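Notes follow the structure.
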Amino acid sequence: SAVISQKPSRDICQRGTSLTIQCQVDSQVTMMFWYRQQPGQSLTLIATANQGSEATYESGFVIDKFPISRPNLTFSTLTVSNMSPEDSSIYLCSVENPRDLDEQYFGPGTRLTVT
Amino acid sequence: AQSVTQLDSHVSVSEGTPVLLRCNYSSSYSPSLFWYVQHPNKGLQLLLKYTSAATLVKGINGFEAEFKKSETSFHLTKPSAHMSDAAEYFCVVSSGGGADGLTFGKGTHLIIQP
Chain E
855 SAVISQKPSR DICQRGTSLT IQCQVDSQVT MMFWYRQQPG QSLTLIATAN QGSEATYESG
915 FVIDKFPISR PNLTFSTLTV SNMSPEDSSI YLCSVENPRD LDEQYFGPGT RLTVT
Chain V
-6 AQSVTQLDSH VSVSEGTPVL LRCNYSSSYS PSLFWYVQHP NKGLQLLLKY TSAATLVKGI
54 NGFEAEFKKS ETSFHLTKPS AHMSDAAEYF CVVSSGGGAD GLTFGKGTHL IIQP
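Below is the structure:
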């Protein structure tokens, strides 16, 4: 299995500012994924990030609000831009199990509170 | 289209008693179904997976789930709860094809009373 770490684990930010979340994997992976888990809600996929190409965003998410970088096969960042209280969520990154693409390995998440 | 409904947002049981976490799904395909567990400040961990090989699926830590097509259910059970089982549990349905085919339930918070 893959071991995934995220930084920061939590943060409290003021509205209008931006936060960049880092995701590090202990092995090389082709695809990395970013999810949002709003309070009391299920996980929602934000985007899929392939190394060397633009991220693919799901309906309702746009690059200007959630720019993603994928500079190599073990690392990705998600930026939450121009934050508002509605952005308060847990943000998780994940990677696929290469032997079973339905199965995901998840990071511990970043708990973001916007005041 | 597919969807997942976890019927209970919170379940509280006493240590040593059975656990039942309920999940219903809808899918246009023959789905794969999963249960993930999320302990505080930890990433989601796969408990078990159904892929049509057997309707009763055994997972880690003594958990199992039974796929019932006629009831479109995939309930998670454990005969005897342990304090370490306290966590958030997510039922997930997949239409195949990776992360963009996954639909998560809202989660069930399992509380274990001593």
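Listed in order, the protein sequences are those of chains E and V. Per the numbering used here, the first sequence starts with residue 855, numbered consecutively. Per the numbering used here, the second sequence starts with residue -6, numbered consecutively. Glycine included, every Cβ here is placed at the ideal spot set by N, Cα and C. Predicted model only: the values in this text are computed from it and were never measured.
CB of residue -5/V within 8 Å of CB of residue 96/V, strictly:
Locating residue -5/V in the second sequence gives position 2, counting from the first residue. Locating residue 96/V in the second sequence gives position 103, counting from the first residue. Contact: yes.
Nonlocal neighbours in the same chain, by C-beta distance under 6 Å from residue 867/E, ignoring five residues either side
Within the first sequence, the letter at position 13 stands for residue 867/E. Once the five neighbours on either side are set aside, the close Cβ partners of residue 867/E are 873, 937 and 968.
Given residue 858/E as reference, the closest of 897/E, 865/E and 887/E once Cα atoms are compared
For this step, residue 858/E is matched to residue 4 along the first sequence. When each option's Cα is compared against that of residue 858/E, the closest is 887/E.
Which residue wins for smallest C-alpha separation from residue 23/V, given the options 1/V, 70/V and 65/V?
For the purposes of this step, residue 23/V is identified with residue 30 of the second sequence, where counting begins at 1. For the residues 1/V, 70/V and 65/V, the minimum Cα distance to residue 23/V belongs to 65/V.
Ranges of the beta strand (DSSP E) found wholly within the stretch 33 to 80 of chain V, counting only runs of at least 3:
37 to 43, 49 to 51, 57 to 61 and 66 to 71
Please classify residue 939/E: does DSSP put it in a helix, a strand, or coil?
In the first sequence, the residue the question calls residue 939/E occupies position 85. Helix at residue 939/E.
Does the CB of residue 882/E have a neighbour CB from chain V at under 8 Å?
By one-based count along the first sequence, residue 882/E stands at place 28. Not closer than 8 Å to any Cβ of chain V, the Cβ of residue 882/E fails to qualify, so no.
Measure the CB-CB distance between residue 6/V and residue 74/V and report whether it falls below 8 Å.
The count along the second sequence starts at 1 and reaches residue 6/V at position 13. The count along the second sequence starts at 1 and reaches residue 74/V at position 81. Closer than 8 Å, so yes.
Determine, for residue 866/E, whether the minimum Cβ-Cβ distance to residues of chain V falls below 8 Å.
The count along the first sequence starts at 1 and reaches residue 866/E at position 12. By this cut-off, residue 866/E is not an interface position.
If we define contact as Cβ-Cβ less than 8 Å, is residue 87/V a contact residue for chain E?
Position 94 of the second sequence, counting from 1, holds the residue named residue 87/V. So, interface residue.
Name the two residues that bound the continuous beta strand (DSSP E) containing residue 18/V.
On the second sequence, position 25 is the one that residue 18/V refers to. From DSSP, the beta strand (DSSP E) with residue 18/V extends over 16 to 20.
Cβ of residue 917/E less than 8 Å from any chain V Cβ?
Within the first sequence, numbered from 1, the residue matching residue 917/E stands at position 63. No, no contact with chain V.
Is there at least one Cβ from chain V nearer than 8 Å to residue 908/E's Cβ?
Position 54 of the first sequence, counting from 1, holds the residue named residue 908/E. No, residue 908/E lies away from the interface with chain V (no Cβ there is under 8 Å from its Cβ).
Could you check whether the Cβ of residue 858/E sits closer than 8 Å to any Cβ belonging to chain V?
Residue mapping note: residue 858/E aligns to position 4 of the first sequence, counting from 1. With 8 Å as the cut-off, residue 858/E counts as an interface residue toward chain V.
Closest to residue 88/V by CA distance: which of 951/E, 955/E and 946/E is it?
For the purposes of this step, residue 88/V is taken as residue 95 along the second sequence, with counting starting at 1. The shortest C-alpha separation from residue 88/V is found at 955/E.
If you draw a straight line from the alpha carbon of residue 949/E to that of residue 894/E, how long is it in whole angstroms?
The count along the first sequence starts at 1 and reaches residue 949/E at position 95. The count along the first sequence starts at 1 and reaches residue 894/E at position 40. So the two alpha carbons sit approximately 24 Å from each other.
Whose CA, out of 953/E, 870/E, 878/E and 855/E, lies closest to the CA of residue 862/E?
Locating residue 862/E in the first sequence gives position 8, where the first residue counts as 1. Checking every option, the nearest Cα to that of residue 862/E belongs to 878/E.
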